[in-house]
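Residue numbers (UniProt numbering): 1 to 465. Yeah, the Cβ is synthetic: ideal placement off N, Cα and C, and Gly gets one too. These notes concern the structure reproduced below.
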């Protein structure tokens with residue numbers, strides 16, 4: 001039984017969400033950028049390999065896109081708080097468009113290609129942080145939860161489409177894929193510029209301090225507030241195991257023993273989790289209302305690693321793919337609900353910074369999970385490693401759900417964040433204590449408390465993952 005009593009309202013519909021024209025513009029722009037991004041990753045990887053015949057340099061080209069999040073994700077995301085979100089997204093798109101056009105120039109030195117790619121990916125954290133914060137200014141209530149689910153599903157679908165199409169095009173001419181990516185950024189910038197209205201910056205100029213201090217405050221608000229910390233632990237824990245089948249797909253494929261072509265087996269396993277995520281996000285988000293989704297959140301969190309425990313039986317790659325899809329389905333079922341609860345307890349002035357903290361944590365944890373399980377698989381049998389790792393995930397999720405904050409704690413955090421205490425400095429307990437910054441704006445829409453009581457629409461809601 002949950003500690004929260006969710007809102008009695010029915011589920012939002014796709015029509016209601018897309019009736020918000022600004023959301024449609026942000027959704028289309030994001031989908032285009034994602035497809036172009038993944039397409040470019042595949043293209044640059046092929047381009048570098050064709051030029052150098054070096055697996056190391058080719059892998060480096062792929063890994064460069066993750067570096068900005070690892071070396072300065074929260075810091076770069078904090079920049080988005082200082083400027084209007086739409087402006088941040090448009091400028092980042094135009095910068096990436098220009099850099100992709102440069103990368104497409106024939107016969108560039110490989111070191112220059114890698115440098116330009118790194119510069120282009122530096123725009124990802126502020127752009128994605130601004131997008132996360134902007135969505136809550138456009139949607140509210142269950143429309144926001146469904147909008148987040150659609151957004152996440154679009155990202156997963158874009159990953160599959162981008163990698164497949166990018167790899168296919170790049171075999172003929174990687175420059176074509178890079179030019180297409182530049183075009184997607186250009187169209188995305190136009191959609192945002194003319195489809196989304198300008199809003200004030202979340203962090204007023206008079207409230208700014210040092211960028212490093214503002215970044216540190218993002219960590220303090222996430223890990224210093226019990227409710228936000230509990231949700232962060234739940235989200236981070238889900239990343240520890242859900243990425244493992246995808247990250248070790250090439251090893252699973254190598255064990256197929258001729259039952260399935262290795263390349264096909266690897267592709268099926270890698271695509272399974274995103275496909276399951278898309279299905280879970282769309283079906284659970286649409287079929288169940290807010291009350292049922294909130295009730296299902298913690299059971300689904302435990303179910304996600306449990307679906308991978310049968311890996312102990314050394315299944316075929318097809319069965320591994322089915323297990324990975326089931327895991328993705330469960331994660332997609334609980335993640336948007338966790339996001340919705342997160343935003344109710346999050347002060348306005350920390351939107352982009354909280355996103356930076358969460359996104360960076362997810363990147364680091366997924367990378368560590370693949371590295372650790374990969375290292376263990378060198379010494380132990382792969383099915384045993386994945387099965388035991390997933391069983392440990394079940395225990396971890398049980399602990400996370402059983403130590404969930406009490407209902408009064410959740411209500412206090414939501415009330416503190418929404419009842420006029422939305423300042424720019426976290427208090428000693430991680431709860432905001434000052435008044436809202438002058439530059440903060442609200443969409444005027446109320447949101448639902450976990451116990452079903454509506455709060456006054458003093459502030460917009462947003463999600464970070």
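Residue nearest to residue 149 within the set 338, 409, 101 is 338 (criterion: CA-CA distance). About 4 Å separates the beta carbon of residue 265 from that of residue 253, a gap short enough to meet the 8 Å contact definition. Nearest Cα to residue 415 within the set 196, 305, 345: 345.
In the three-state reduction of the DSSP assignment, residue 289 falls in the coil class. The shortest C-alpha to C-alpha distance from residue 211 to any of 77, 38, 57, 404 is the one to 77. Residue 70 is classed as exposed because its beta carbon has fewer than 16 other beta carbons within 10 Å across all chains shown.
Contact check for residue 166 against residue 357 fails: the beta carbons are separated by 8 Å or more. Excluding residues up to 5 positions away in sequence, 276, 307 lie with their Cβ nearer than 8 Å to the Cβ of residue 326 in the same chain.
The residue among 289, 101, 278, 186 with its C-alpha nearest the C-alpha of residue 330 is 278. Your pair residue 400 and residue 301 checks out as a contact, with CB atoms roughly 7 Å apart and the cut at 8 Å. Shown here for residue 284: same chain residues with a beta carbon closer than 6 Å to its own, the five before and five after excluded, namely 333 in chain order. DSSP places residue 220 in the uninterrupted alpha helix (DSSP H) bounded by 211-224.
Take the alpha-carbon of residue 200 and the one of residue 155: they are about 27 Å apart.
By the 16-neighbour rule on beta-carbons within 10 angstroms, residue 181 is buried. Here DSSP, grouped into helix, strand and coil, assigns residue 197 to coil. Of all C-beta pairs linking the segment 30-38 to the segment 175-190, three or more are shorter than 8 Å, placing the two stretches in contact. The beta strand (DSSP E) runs of length 3 or more contained entirely in the segment 380-424 do not exist; there are none. Restricting attention to 282, 280, 250, 281, the CA atom closest to the CA of residue 269 is found in 250. Cβ-Cβ separation between residue 29 and residue 192: approximately 5 Å, consistent with a contact (criterion under 8 Å). Its chain contains 270, 273 as the residues whose beta carbon lies nearer than 6 Å to that of residue 246, once the 5 sequence neighbours on both sides are disregarded; these appear in chain order. Taking the Cβ atoms as the reference, residue 120 lies roughly 4 Å from residue 99, within the contact range of under 8 Å. When secondary structure is reduced to three states using DSSP, residue 104 falls in the coil class, being assigned neither helix nor strand. Closest option to residue 203, judged by alpha-carbon separation, among 96, 328, 236, 348: 348.
One thing to note: residue 86 has its Cβ no nearer than 8 Å to the Cβ of residue 146.
Closest in C-alpha terms to residue 242, from the list 188, 321, 375, 315, comes 321. Cα atoms of residue 395 and residue 404: separation of roughly 14 Å, rounded to the nearest angstrom. By the neighbour-count criterion, in which a residue is buried when 16 or more other Cβ atoms sit within 10 angstroms of its Cβ, residue 106 is exposed.
The way I'd put it, the segment 370-389 doesn't touch the segment 232-239; fewer than three beta-carbon pairs between them come closer than 8 Å. Taking every protein chain shown into account, the CB of residue 215 has 16 or more other CB atoms within 10 angstroms, so this residue is buried. Burial state of residue 15 is exposed, judged by a 10 Å Cβ sphere holding fewer than 16 other Cβ atoms. If you compare the alpha carbons of 350, 261, 130, 222 with that of residue 196, the shortest gap goes to 130. If the five residues before and after residue 68 are omitted, its C-beta is found closer than 7 Å to the C-beta atoms of 76, 121, 122, 124, 125, all from its own chain and listed in chain order.
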